[in-house]
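S.K.: By the count of the numbering used here, the sequence shown reaches residue 146 at its end, each step adding exactly one.
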Amino acid sequence: MARLELRADPSAARRTRSWLREQFTGVTLTSQARQTLELLTTELVTNAVRHGGEPIEVRLRRLGGSVRVSVSDGGAGRPLVRHVPPTATGGRGVALVDTLAHRWGADAAGAGKTVWFELALT
Numbered sequence: 025m026a027r028l029e030l031r032a033d034p035s036a037a038r039r040t041r042s043w044l045r046e047q048f049t050g051v052t053l054t055s056q057a058r059q060t061l062e063l064l065t066t067e068l069v070t071n072a073v074r075h076g077g078e079p080i081e082v083r084l085r086r087l088g089g090s091v092r093v094s095v096s097d098g099g100a101g102r103p104l105v106r107h108v109p110p111t112a113t114g115g116r117g118v119a120l121v122d123t124l125a126h127r128w129g130a131d132a133a134g135a136g137k138t139v140w141f142e143l144a145l146t
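This is the structure in structure tokens:
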């Protein structure tokens, strides 16, 4: 399992994308799988920065032909799939995870929470 600890600052999403690319160097992934993995992970990290707070930790575990990504933060509460108007500039992160991930969920973790998703890599 690979881990990344982050600060709740604007560079978190960029650092996460770079870290993900390092983790999959030399691994054959379809372009769609790579883009979806980066998108969903970045959405969860951005939510953690905006709504959860520190400490933020990203964990990556390969499960055969799939991957499980978990993002933990210091915030309470469960994420909700929101239905936002087409003109809204945000609020779609969990809806993207709900639509594109094979499975996803959220668990209480001490004083915070962990949001996770599983994605097929093939």
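Backbone N, C-alpha and C define an ideal beta-carbon position, used for all residues, glycine too.
(1) Hey, Gly115 and Val108: beta-carbon distance below 8 Å or not?
(2) From the beta carbon of Gly129, is the nearest beta carbon of chain D less than 8 Å away?
(3) Which value, in whole angstroms, describes the spacing of the CA atoms of Leu84 and Pro110?
(4) Going along the chain, which unbroken runs of the alpha helix (DSSP H) with 4 or more residues stay wholly within the segment 81–112?
(5) Flag this pair as yes or no: are the beta carbons of Ser90 and Glu142 separated by less than 8 Å?
(6) Pull up the distance between the alpha-carbon of Ala119 and that of Arg106, whole angstroms please.
(7) Quick check: what's the CA-CA separation for Gly136 versus Trp128?
(8) Rounded to whole angstroms, what is the Cα-Cα separation between Pro79 and Arg39?
M.R.: Put simply:
(1) yes
(2) The structure shown has no chain D; it contains just one protein chain.
(3) 32 Å
(4) none
(5) yes
(6) 6 Å
(7) 17 Å
(8) 15 Å
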